[in-house]
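Asks: Below you'll find the structure I mean.
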Amino acid sequence: DTGVSQDPRHKITKRGQNVTFRCDPISEHNRLYWYRQTLGQGPEFLTYFQNEAQLEKSRLLSDRFSAERPKGSFSTLEIQRTEQGDSAMYLCATRKGAVNEKLFFGSGTQLSVL
Amino acid sequence: QQPVQSPQAVILREGEDAVINCSSSKALYSVHWYRQKHGEAPVFLMILLKGGEQKGHEKISASFNEKKQQSSLYLTASQLSYSGTYFCGTEIADTDKLIFGTGTRLQVFP
């Protein structure tokens, strides 16, 4: 499989717990993006990486959210002290370069915070 | 900063046409279009770069008016498989990120 891979597909957690999601990009894709999507809404930009450098983080993102991309390969998104409002689909997307390159999306991680 | 799409929802019979619009308040470098089916990830349809080009993909085409900061997606002779939610994604010059629009839900019935 040469697509973008996300793990886990589903995560159910209790409020206050920490969760971590993983995204494995398509090989040679140096741009990696995290989006959050709630029902009926468009994907909301969270953060992105060029190789291992995190270039931008949405100002809507609280300090409870952190992302890493060590060595410019896979990426992890961690949410600390989860809240019910964090329940959403978390999508990872990657592309080879910038601007005129299309995004390839993973299947997402559906987070439910009880 | 989020682009606005119109209409919010469209209901069609097979064979009918539809137009989905995407409008931004920022100067755009490019516009992407994606379709998402329920429970699935968005799938790429096409990219339009500044310059007012129009592109086609089977019976789906799009235009990009750079001056008006608008793009339109044209679906011709719709098929059942066209059902889903359509999102435009806009890139502002000198940025490296795609901001997605509010979405348009399209339903095609036999």
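Protein chains in written order, with the working numbering: chain H, 2 to 115; chain Z, 2 to 111. The C-beta atom is built at its ideal place from N, Cα and C for all residues, glycine as well. Since this is a predicted model, take the numbers as computed values, not measurements.
1) With a threshold of 6 Å on Cβ separation, who are the neighbours of P106 of chain H within its own chain once the five nearest residues in sequence on each side are excluded?
2) Determine the closest residue to S76 of chain H out of H:R32, H:R10, H:Q18, H:G17, with distance taken between C-alpha atoms.
3) S25 of chain Z: buried (16+ other C-beta within 10 angstroms of its C-beta) or exposed?
4) According to the Cβ coordinates, are F66 of chain H and L78 of chain H closer than 9 Å?
5) Leaving out the 5 sequence neighbours to the left and right, which residues in its chain are closer than 6 Å to A78 of chain Z when beta-carbon positions are compared?
6) Against chain Z, which members of the segment 20–53 of chain H pass a CB distance test of less than 8 Å?
7) Which residues of the segment 87–109 of chain H have a Cβ closer than 7 Å to any Cβ of chain Z? Give them in chain order.
8) If you drop the 5 nearest sequence neighbours on each side, which residues of the same chain put their C-beta closer than 8 Å to that of Q9 of chain Z?
9) Q70 of chain Z by DSSP, collapsed to three states: which one?
10) Taking 9 Å as the threshold (beta carbon to beta carbon), is P8 of chain Z in contact with chain H?
11) Grouping DSSP H, G and I as helix and E and B as strand, with all else coil, what is S59 of chain H?
12) Which residues of chain H have a Cβ atom closer than 7 Å to the Cβ of A42 of chain Z, listed in chain order?
Replies: Well, looking at it:
1) Residue mapping note: residue 106 of chain H aligns to position 105 of the first sequence, counting from 1. Looking at the sequence provided, one finds Phe at residue 106 of chain H rather than Pro. Correct list, in chain order: L92, A94.
2) Residue numbering aside, residue 76 of chain H sits at position 75 when the first sequence is read from its first letter. Comparing Cα positions, the closest option is H:R32.
3) Walking along the second sequence from the start, residue 25 of chain Z turns up at place 24. For S25 of chain Z, the number of other beta carbons within 10 angstroms of its own is at least 16, and it is reported as buried.
4) Mapped onto the first sequence, residue 66 of chain H falls at position 65. Mapped onto the first sequence, residue 78 of chain H falls at position 77. Against a cut-off of 9 Å, the Cβ pair of L78 of chain H and F66 of chain H comes out as a contact.
5) Walking along the second sequence from the start, residue 78 of chain Z turns up at place 77. Beyond the five residues adjoining it in sequence on each side, A78 of chain Z comes within less than 6 Å, by CB distance, of G16, K60 in the same chain, given in chain order.
6) Identification of residues in the segment 20–53 of chain H having a C-beta nearer than 8 Å to some C-beta of chain Z yields R32, Y34, Y36, G41, Q42, G43, P44, E45, F46, Y49, Q51, given in sequence order.
7) Here the close residues are L92, A99, V100, N101, K103, L104, F106, G107, S108, G109.
8) Taking the first residue of the second sequence as position 1, residue 9 of chain Z is located at position 8. Excluding positions up to five away in sequence, the list reads T103, G104, T105, R106.
9) Residue mapping note: residue 70 of chain Z aligns to position 69 of the second sequence, counting from 1. DSSP, reduced to helix, strand and coil, places Q70 of chain Z outside both helices and strands of the structure shown, so it counts as coil.
10) By one-based count along the second sequence, residue 8 of chain Z stands at place 7. Chain H, which has no Cβ nearer than 9 Å to the Cβ of P8 of chain Z, makes this no.
11) Here residue 59 of chain H is taken as the residue at index 58 of the first sequence, counted from 1. Residue state, collapsed to three classes: coil.
12) Taking the first residue of the second sequence as position 1, residue 42 of chain Z is located at position 41. Scanning chain H for C-beta atoms nearer than 7 Å to the C-beta of A42 of chain Z yields L92, F106, G107, S108, G109, reported in chain order.
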